[in-house]
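Read through the structure below, which is laid out as structure tokens, and then see the notes.
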Amino acid sequence: MPHEVRAVVAAKKGAPVEVQTIVVPDPGPGEALVAVQACGVCHTDLHYRDGAVTDDFPFLLGHEAAGTIEAVGEGVTGLSPGDYVVLAWRAPCGGCRSCRRGRPWYCFDSRTAGRPMTLLDGTPLTNALGIGAFAEKTLVAAGQAVKVDPAARPEAAALIGCGVMAGYGAAVNTGRVGRGDSVAVIGCGGVGNAAIAGACLNGAMKVIAVDIDDRKLDQAERFGATHTVNSRGTDPVEAVRALTDGHGVDIAIDAVGRPETFRQAFSMRDHAGLLVQVGVPTPDSTVELPLLDVFSRGGAIKSSWYGDCLPSRDFPFLIDQYLYGLLDLGGFVTETIALDQVEEAFAKMHRGEVLRSVVVL
121 MPHEVRAVVA AKKGAPVEVQ TIVVPDPGPG EALVAVQACG VCHTDLHYRD GAVTDDFPFL
181 LGHEAAGTIE AVGEGVTGLS PGDYVVLAWR APCGGCRSCR RGRPWYCFDS RTAGRPMTLL
241 DGTPLTNALG IGAFAEKTLV AAGQAVKVDP AARPEAAALI GCGVMAGYGA AVNTGRVGRG
301 DSVAVIGCGG VGNAAIAGAC LNGAMKVIAV DIDDRKLDQA ERFGATHTVN SRGTDPVEAV
361 RALTDGHGVD IAIDAVGRPE TFRQAFSMRD HAGLLVQVGV PTPDSTVELP LLDVFSRGGA
421 IKSSWYGDCL PSRDFPFLID QYLYGLLDLG GFVTETIALD QVEEAFAKMH RGEVLRSVVV
481 L
């Protein structure tokens with residue numbers, strides 16, 4: 121029997137989001153019905169609302185979520201009603217050429233639910249990142265639901281589903297930060313601070329946080345930054361070089377995704393250093409670099425997709441790090457809100473007032 125639940129819908133480009141009643145079907149083969157307990161308000165949801173991702177309106181927003189399994193469809197193994205899960209927007213298929221080569225974090229055919237959730241009039245909804253979890257219940261592919269320790273508070277656990285995983289993975293999985301490395305992170309929002317936390321947990325000796333907002337730099341110190349640079353009035357490249365004996369850092373992480381921050385990260389690397397791009401650029405962004413510098417500086421430039429994570433491996437690990445007191449997930453939660461406060465949360469995000477607002481149901 122279909123389920124009528126409250127959810128946050130972006131009806132048209134740029135319009136304020138609305139709480140509407142939607143219809144969620146029972147799970148079919150390979151699917152799971154999840155009762156959502158918490159869902160973080162991520163910048164990607166704002167991109168969807170503004171039509172910057174696709175124009176397939178109306179959207180069911182929300183993708184950074186934790187909850188419990190309510191029902192599973194035919195053929196689902198490893199999940200049962202009552203299981204506590206974090207939802208992943210990448211669920212490796214196991215059969216594409218990337219998965220067959222042992223690189224499931226680059227899966228080209230990631231699984232999502234096969235049937236749409238709809239408005240009451242039957243209009244299909246496009247789920248943000250294949251999830252749609254600003255809702256009392258959501259339907260996902262079973263592989264998107266990753267079991268984790270139920271001792272983790274939902275509002276903290278939810279953040280593993282996107283921002284924290286993206287930032288932590290950018291440092292640990294993509295950047296391969298190791299003991300003694302020096303790291304610079306440009307942009308100290310949720311993703312950037314997760315990169316800082318990941319770098320510290322993996323043994324970085326020096327972690328330099330770069331931002332234009334002193335409030336965010338103060339937060340970065342909470343997550344382990346050893347040095348901070350306010351780039352509003354300071355050349356961040358020169359400042360990072362001054363903090364590294366003139367050499368630059370081993371790994372520079374751009375968690376903003378603007379052409380200027382990309383160029384800064386490129387230039388603040390040490391010889392043969394690594395640039396990791398995890399901030400999401402706008403579709404019209406371009407960057408120009410002197411080809412001789414690309415060649416002569418050596419090293420590498422790598423994009424980090426979802427922190428190059430394998431959710432079934434990385435989600436439980438990060439939850440355990442949180443429960444052991446090693447990863448301060450609670451520090452990312454600025455406020456908890458209700459479904460009807462998501463539009464206000466977008467405004468706070470735009471003003472830089474929050475790391476994460478988290479909808480709690």
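Under this note's numbering, think of the first position of the sequence shown as 121, with each following residue one higher.
By construction, the Cβ of each residue, glycine as well, lies at the ideal position given by its N, Cα and C atoms.
This structure is a prediction, so every number in the text was calculated from the model and none was measured.
- Segment contact: the stretch 426-440 against the stretch 288-299, three or more CB-CB distances shorter than 8 Å; contact assigned.
- In the pairwise beta carbon analysis, the stretch 188-208 is classified as not touching the stretch 413-423: fewer than three pairs are separated by under 8 Å.
- C-alpha of P236 to C-alpha of P145: approximately 8 Å in a straight line.
- For Q339, the enclosing alpha helix (DSSP H) has its first and last residue at 334-342.
- Distance between V129 and A158, taken at the CA atoms: about 17 Å.
- In the three-state scheme derived from DSSP, where H, G and I count as helix and E and B as strand, G187 is classed as strand.
- Non-local beta-carbon contacts of T348 in its own chain, meaning distances under 7 Å to residues more than five positions away in sequence, involve A329, L337, A340, E341 in chain order.
- Boundaries of the alpha helix (DSSP H) around T381: 379-387.
- Assigned with DSSP and collapsed to three states, T258 falls in strand.
- If you look at T454, you'll find it in the beta strand (DSSP E) that goes 453-457.
- Within its own chain, the residues whose Cβ lies closer than 8 Å to the Cβ of M469, once the five positions on either side in sequence are excluded, are V161, H163, L166, S477, listed in chain order.
- For P244, the beta-bridge partners assigned by DSSP are T238.
- Counting along the chain, the unbroken beta strand (DSSP E) around H347 starts and ends at 347-350.
- Annotation for D269: Y204, P436, I439, D440, L443 place their beta carbon closer than 8 Å to its own, counting only its chain and skipping 5 residues before and after.
- Between G344 and A372, the gap from beta carbon to beta carbon reaches 8 Å or more.
- Bounds of the beta strand (DSSP E) holding L153 are 151-160.
- Remark: fewer than three beta-carbon pairs, one from each stretch, lie closer than 8 Å, so the stretch 399-412 and the stretch 224-239 are not flagged as touching.
- Contact check between the stretch 313-325 and the stretch 378-391: fewer than three CB pairs, one atom from each, fall below 8 Å, which does not count as touching.
- Here R273 carries a coil assignment [DSSP, helix/strand/coil].
- In the DSSP assignment, S423 falls within the beta strand (DSSP E) that extends over 420-423.
- Between V266 and L481, the alpha-carbon positions lie close to 19 Å from each other.
- Taking the Cβ atoms as the reference, V156 lies roughly 5 Å from A185, within the contact range of under 8 Å.
- Scanning V143, G171, S432, G214 for the CA closest to the CA of V137 turns up G171.
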